[in-house]
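The structure appears right after this line, and notes come after that.
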Amino acid sequence: MNTAFTELFGVRHPIASAAMAGSAGGALAAAVSSGGGLGLVGAGRGERAWLDRELAIVDGSTAPWGVGFLCWAAAPDAVSRALEHGPSAVLLSFGDPVPLAAPVLAAGVPLIVMVTDLEEARRALDVGADVVVAQGTEAGGHGGGRATLPFVPAVVDIAGDVPVLAAGGIGDGRGLAAALTLGAAGVLVGTRFQATFEALEAPEVGKAIVGGTGDRTDRSTLLDIGRDSAWPSQWTGRALRNRFVDEWQGREDELRADAPARRAHQDAVARGDLDHVAVWAGEAVDLITDLRPAAEVVEQIAREAEAALRRAVGSL
334 MNTAFTELFG VRHPIASAAM AGSAGGALAA AVSSGGGLGL VGAGRGERAW
384 LDRELAIVDG STAPWGVGFL CWAAAPDAVS RALEHGPSAV LLSFGDPVPL
434 AAPVLAAGVP LIVMVTDLEE ARRALDVGAD VVVAQGTEAG GHGGGRATLP
484 FVPAVVDIAG DVPVLAAGGI GDGRGLAAAL TLGAAGVLVG TRFQATFEAL
534 EAPEVGKAIV GGTGDRTDRS TLLDIGRDSA WPSQWTGRAL RNRFVDEWQG
584 REDELRADAP ARRAHQDAVA RGDLDHVAVW AGEAVDLITD LRPAAEVVEQ
634 IAREAEAALR RAVGSL
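So in my numbering, spot 173 of the sequence shown is number 506, and the numbers just go up one at a time.
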């Protein structure tokens with residue numbers, strides 16, 4: 334499957350792993366890249382010690398890899414430090430990409446910008462994005478309110494020659510095949526790569542994803558409020574529902590005012606209590622039935638997509 338995305342980065346498969354902050358470290362990115370996709374390190378806010386440790390794992394790799402930052406939280410100097418490690422791409426998401434895009438564009442490194450609505454998509458194109466990721470609300474972790482199926486072609490229509498990756502609710506090769514028929518040049522996959530051996534997650538989190546269902550995911554601000562996170566409320570977080578979420582559903586203002594409840598929640602999270610831990614997961618969690626190496630996941634998605642496309646062509 335040759336697309337504008339595979340040609341741009343010289344990868345075998347039109348698959349990228351999401352830059353999941355704190356979860357997508359160097360080992361996961363390296364494994365995805367070795368499997369023929371584009372692995373992305375989730376640098377998040379760009380904490381220096383974490384960034385230096387994880388980028389050292391992929392620095393010097395012969396396979397393409399990238400790194401992602403949160404526009405609302407990271408500083409340009411963190412992006413500049415990451416560029417010293419020689420990434421093949423930098424992904425920016427959630428917020429104004431202009432300040433962080435400047436060092437990327439100056440270095441001539443391909444810029445990927447993730448968007449959650451058409452206004453953000455137009456801004457990404459104005460900034461000079463080489464790739465736009467259209468993320469639907471079915472995605473795990475933080476995101477917006479647009480559904481993937483109608484949102485992706487809408488972004489494709491305004492992107493022109495700029496490749497678009499589909500994201501949100503894509504967990505197997507059927508999702509990749511669907512994205513390609515919508516006009517996307519590939520997919521960015523998150524939750525499926527959470528359930529891999531290389532993800533920086535506690536084993537219990539991976540097991541929870543394997544045992545989870547899309548019906549038990551929920552998009553809200555509760556987990557951010559509970560951990561005193563500064564995440565902008567316009568991007569809610571989708572995670573597996575747990576006892577904490579069920580207890581405080583619809584009581585967000587009350588939780589903001591209840592410091593002891595938040596401290597108790599944070600203490601429970603520190604203990605690894607899954608009744609409180611945020612298990613970020615998208616609606617594609619139903620499709621995840623095992624933990625496996627990330628490189629195998631890339632190859633499996635590619636095989637499944639090819640088979641799905643052949644079935645579709647054969648039905649004409």
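All C-beta atoms in this analysis are idealised placements derived from N, C-alpha and C, irrespective of residue type, glycine included.
Bear in mind the structure is a predicted one, so any value in this text is a computation, not a measurement.
Closer than 7 Å: is that where the CB of residue i sits relative to any heavy atom of the ligand GTP?
{"i": "Ser367", "result": "This structure does not include the ligand GTP; it has no bound ligands of any sort."}
Just to confirm, is the Cβ distance from residue i to residue j under 8 Å?
{"i": "Ala407", "j": "Arg381", "result": "no"}
{"i": "Arg456", "j": "Thr470", "result": "no"}
{"i": "Gly399", "j": "Ala422", "result": "yes"}
{"i": "Ser356", "j": "Gln527", "result": "yes"}
{"i": "Ser553", "j": "Thr569", "result": "yes"}
{"i": "Val460", "j": "Ala492", "result": "no"}
{"i": "Gly473", "j": "Gly615", "result": "yes"}
{"i": "Gly506", "j": "Ala640", "result": "yes"}
{"i": "Val365", "j": "Val631", "result": "yes"}
{"i": "Val488", "j": "Ala462", "result": "no"}
For residue i, count the other beta carbons within 10 Å of its own beta carbon; 16 or more makes it buried, fewer makes it exposed. Which is it?
{"i": "Gln582", "result": "exposed"}
{"i": "Ile348", "result": "buried"}
{"i": "Ile621", "result": "buried"}
{"i": "Arg571", "result": "buried"}
{"i": "Ser426", "result": "buried"}
{"i": "Pro483", "result": "exposed"}
{"i": "Ile503", "result": "buried"}
{"i": "Leu403", "result": "buried"}
{"i": "Thr395", "result": "exposed"}
{"i": "Gly544", "result": "exposed"}
{"i": "Glu452", "result": "exposed"}
{"i": "Ala511", "result": "buried"}
Kindly list the residues whose CB is nearer than 6 Å to the CB of residue i, restricted to its own chain and excluding five residues on each side of it in sequence; keep chain order.
{"i": "Leu515", "result": "Val485, Pro486"}
{"i": "Ala337", "result": "Pro496, Ala518"}
{"i": "Val612", "result": "Val538, Ala541, Ala572, Leu573"}
{"i": "Gly361", "result": "Here the sequence assigns Leu to residue 361, which means Gly is not the residue at that position. Contacts found: Glu531, Ala532, Ala627."}
{"i": "Ala601", "result": "His609"}
{"i": "Asp619", "result": "Thr546, Gly547"}
{"i": "Gln468", "result": "Met447, Thr449, Gly476, Ala500, Gly501"}
{"i": "Glu580", "result": "none"}
{"i": "Arg345", "result": "Gly369"}
Within its chain, find whatever has a CB closer than 8 Å to the CB of residue i; leave out the 5 residues flanking it on each side and keep chain order.
{"i": "Leu416", "result": "Val423, Pro436, Val437, Ala440, Val442"}
{"i": "Leu588", "result": "Leu555, Ile558, Gly559, Trp581, Ala594, Arg595"}
{"i": "Leu513", "result": "Met334, Thr336, Pro347, Gly519, Ala638, Leu642"}
Which same chain residues, not among the five before or five after residue i, have their C-beta less than 7 Å away from its C-beta?
{"i": "Leu384", "result": "Ala376, Ala411, Arg414, Ala415"}
{"i": "Gly343", "result": "Pro397"}
{"i": "Pro409", "result": "Pro432, Leu433, Ala435, Pro436"}
{"i": "Glu585", "result": "Thr554, Leu555, Ile558"}
{"i": "Glu637", "result": "Asp505, Gly506, Arg507"}
Residues bridged to residue i by DSSP?
{"i": "Ser553", "result": "Gly570"}
{"i": "Arg625", "result": "Thr529"}
{"i": "Leu371", "result": "Ala349"}
{"i": "Gly499", "result": "Note that residue 499 is Ala in the sequence shown, not Gly. Ala467, Val520."}
{"i": "Phe402", "result": "Gly377, Leu425"}
{"i": "Gly504", "result": "According to DSSP, Gly504 bridges with nothing at all."}
{"i": "Val446", "result": "Leu425, Val465"}
> Do three or more CB pairs link the stretch 520-529 to the stretch 340-352 at distances below 8 Å?
Replying inline: yes
> If we count Cβ pairs, one from each stretch, closer than 8 Å, do we get three or more for the stretch 596-612 versus the stretch 562-582?
Replying inline: yes
> Counting Cβ pairs closer than 8 Å, one from the stretch 533-542 and one from the stretch 432-444, do we hit at least three?
Replying inline: no
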